[in-house]
Amino acid sequence: MGKGTPSKGKKNKASSHKTCRRCGKHSYNRRKKFCASCGFGKSSKLRQPSWRNRHNPSNGTKSFYR
């Protein structure tokens with residue numbers, strides 16, 4: 002089999018992600034053995050993106066109208 006259309010059709014058989022045991026989201030990568038959402042399998046602590054640390058909870062509340 003070549004590298005064209007017939008071989009590309011075999012890519013839809015198996016799913017690469019399954020439900021994570023820790024967060025319950027469908028983000029656990031079977032091949033890499035870690036969750037993309039919470040970081041389960043890679044670290045014991047929850048994964049925290051950098052944009053999450055900069056987020057201010059008062060942003061978007063329109064406090065200037067009050």
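Per the numbering used here: the sequence shown = residues 2 to 67.
We treat Cβ as the ideally placed atom computed from N, Cα and C, and that holds for glycine.
Neighbourhood of residue i by C-beta distance below 8 Å, restricted to the same chain and skipping five residues each side
| i | result |
| --- | --- |
| residue 46 | 40 |
| residue 30 | 17, 18, 36 and 37 |
Three-way DSSP call (helix, strand, coil) for residue i in this model
| i | result |
| --- | --- |
| residue 19 | strand |
| residue 35 | strand |
| residue 13 | helix |
Residue closest to residue i, alpha-carbon to alpha-carbon, out of the options
| i | options | result |
| --- | --- | --- |
| residue 23 | 17, 34 and 14 | 34 |
Presumed contact (8 Å Cβ cut-off) between residue i and residue j, rounded CB distance
| i | j | result |
| --- | --- | --- |
| residue 38 | residue 26 | 5 Å |
C-beta atoms of residue i and residue j nearer than 8 Å
| i | j | result |
| --- | --- | --- |
| residue 36 | residue 28 | yes |
| residue 17 | residue 32 | yes |
Sequence-distant residues of the same chain with beta carbon closer than 6 Å to residue i, five excluded per side
| i | result |
| --- | --- |
| residue 48 | 39 and 40 |
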